[in-house]
Amino acid sequence: LKFVRAAAASEGGMGFHVDDGVEEAPGLVLCAATAAGASAATAGAAFRTLSLRAGGAGSSGSGGGAEASACSRALSVRLVECNDTLDGPEAVDAKSGALVWEGGLDLARHIAALPTEERSTPSSSSSAGCRRCIARGARVLELGAGHGVPGIVAALCHGASVDFHDRAADVLRRVTSTNVVANGLSMSLAPSDPSAEGCRFLAGDWRQLSAAVDDLGLRYDVVLAAEAIYRTDMYEDLAAVLEQCLAHGGLAFFAGKRFYFGCGGGTASFASFLQGRGFAVSVDLPIEDGKSNVREVLFIERAGAEQQSSKEADKEAAARSDDGDGPESDASGRPAKVARTS
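The sequence shown maps to residues 12 to 353 in my numbering.
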């Protein structure tokens with residue numbers, strides 16, 4: 012594994028050098044920006060500002076428990092201006108990260124709307140009381156990040172430590188890392204430490220990434236991906252990445268179009284594929300404007316996680332009842348029925 016560190020370069024640019032002698036996983040690059048590189052990253056670059064609303068409505072089924080809280084504030088994300096064009100089919104894979112795709116914006120808004128679970132030592136982002144919360148300080152992986160908008164929002168709104176992945180190391184250097192430092196996020200200065208806080212950058216294809224996270228023992232509480240499922244021949248490798256990197260109780264959110272015309276992929280077929288691989292998948296947010304292709308944000312977890320969360324909730328309720336803190340019981344000891352209002 013090669014560690015690529017950002018350093019201050021002449022004329023306000025960002026320079027990178029490779030630390031020699033560290034090649035645990037050839038082909039995959041793990042980058043970490045130093046403070047000096049971070050201060051130089053935004054110099055001379057043109058930016059635009061994306062405005063989002065953090066917290067509030069916008070996610071279906073993301074209700075939280077007593078330990079969850081949602082912020083509700085205007086959120087501004089700075090994005091570096093790029094002039095890249097996609098001049099052929101191969102450029103879609105190699106250079107598409109320089110563009111801001113609508114799926115990335117959909118996912119960023121959805122992540123901003125999710126409640127933050129306040130926990131001192133989050134081992135996973137899912138709990139019995141708040142299955143769709145993101146725990147403060149969670150370790151997050153954004154696949155095919157490009158501009159990294161969803162990952163940046165996860166860090167800003169939920170205090171997450173984010174690893175940004177892209178197939179192209181050049182995109183990570185020119186685009187992703189620049190956006191990260193422009194938004195005031197901290198960098199990991201110990202990229203080889205799986206538990207290190209701060210943002211890191213991984214470059215490589217899906218198979219290289221899957222092998223690396225397995226070899227290094229990298230596990231993530233939340234995995235994010237936008238517009239990554241446009242080709243069906245990617246499904247097998249993407250599923251392998253999820254199987255390797257999702258921590259126990261981990262969650263994934265994938266945003267994309269229901270069907271990518273001319274490419275064959277889409278949220279519907281990807282959901283079906285994952286279900287066949289032992290994942291539970293549901294549509295968390297459908298987006299239909301009547302003018303364009305239907306877009307969706309998928310909520311993904313390992314099959315059985317929902318049932319496990321329900322069992323944990325039952326155990327917690329029983330414990331509270333034994334302590335006299337639970338709901339009132341009838342003569343048989345069963346909880347008394349609670350009237351529901353519509």
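C-beta atoms are modelled at their ideal positions from N, C-alpha and C, and glycine is treated no differently.
Residue pairing by DSSP places S197 in no beta bridge whatsoever.
DSSP, reduced to helix, strand and coil, places H259 within a strand of the structure shown. Non-local C-beta neighbours of G277 in its own chain, meaning closer than 8 Å and more than five positions away in sequence, comprise I240, Y241, G267, K268, R269, F270, Y271, ordered along the chain.
Its chain contains R89, L90, E92 as the residues whose beta carbon lies nearer than 8 Å to that of R59, once the 5 sequence neighbours on both sides are disregarded; these appear in chain order. The C-alpha of V151 lies about 30 Å from the C-alpha of D300.
For V164, the closest alpha carbon among the candidates S87, K302, G261 is that of S87.
Assignment of S221 by DSSP, reduced to helix, strand and coil, places it in the helix class. Secondary structure of S293 (DSSP, three-state): strand.
Considering only I298, A250, G162, A123, the residue with the shortest C-alpha distance to V173 is G162. Comparing alpha-carbon positions, the option among E129, S62, A279, A171 lying closest to D117 turns out to be S62.
For F284, the enclosing alpha helix (DSSP H) stretches over residues 278–287. Beta-carbon to beta-carbon, F212 and T243 are separated by about 28 Å, too far to satisfy the 8 Å threshold. In the three-state reduction of the DSSP assignment, L154 falls in the strand class. Taking the Cα positions, E129 is about 30 Å away from E238.
Excluding sequence positions up to five before and after V294, its CB lies within less than 7 Å of the CB of E307, L309, all in the same chain and listed in chain order. Put simply, the backbone Cα of G115 is about 19 Å away from that of L196. Judged by DSSP secondary structure, V164 falls within the alpha helix (DSSP H) whose first and last residues are 160–169. Closest by C-alpha distance to A180, out of P126, G209, G155, is G155.
Within the same chain, Cβ atoms closer than 6 Å to the Cβ of G170 are found at R147, G148, the five residues on either side in sequence being excluded. Relative to S280, the option among E247, L296, I298 whose CA is nearest is E247. Shown here, A237 sits in a strand according to DSSP, grouped into three states. Looking at A124, G157, H158, V160, the one whose alpha-carbon comes closest to that of R143 is A124. Per DSSP, D117 is one residue of the alpha helix (DSSP H) stretching across 113–124. In this model, A291 and F264 are separated by some 12 Å (Cα to Cα).
Here Y246 carries a helix assignment [DSSP, helix/strand/coil]. In the three-state reduction of the DSSP assignment, V182 falls in the helix class. As DSSP reads the structure, Y271 sits in no beta bridge. When secondary structure is reduced to three states using DSSP, E128 falls in the strand class. In the DSSP assignment, V308 falls within the beta strand (DSSP E) that extends over 306–313. Put simply, of W112, A222, G157 the residue whose alpha carbon is nearest the alpha carbon of V182 is G157. Between the beta-carbon of C256 and that of L229 there is about 6 Å, and that keeps the pair under the 8 Å contact cut. Comparing alpha carbon positions, the residue from P126, S303, R288 closest to C168 is P126. Within its own chain, the residues whose Cβ lies closer than 8 Å to the Cβ of R288, once the five positions on either side in sequence are excluded, are A250, E254, listed in chain order.
For L110, the three-state secondary structure derived from DSSP is coil.
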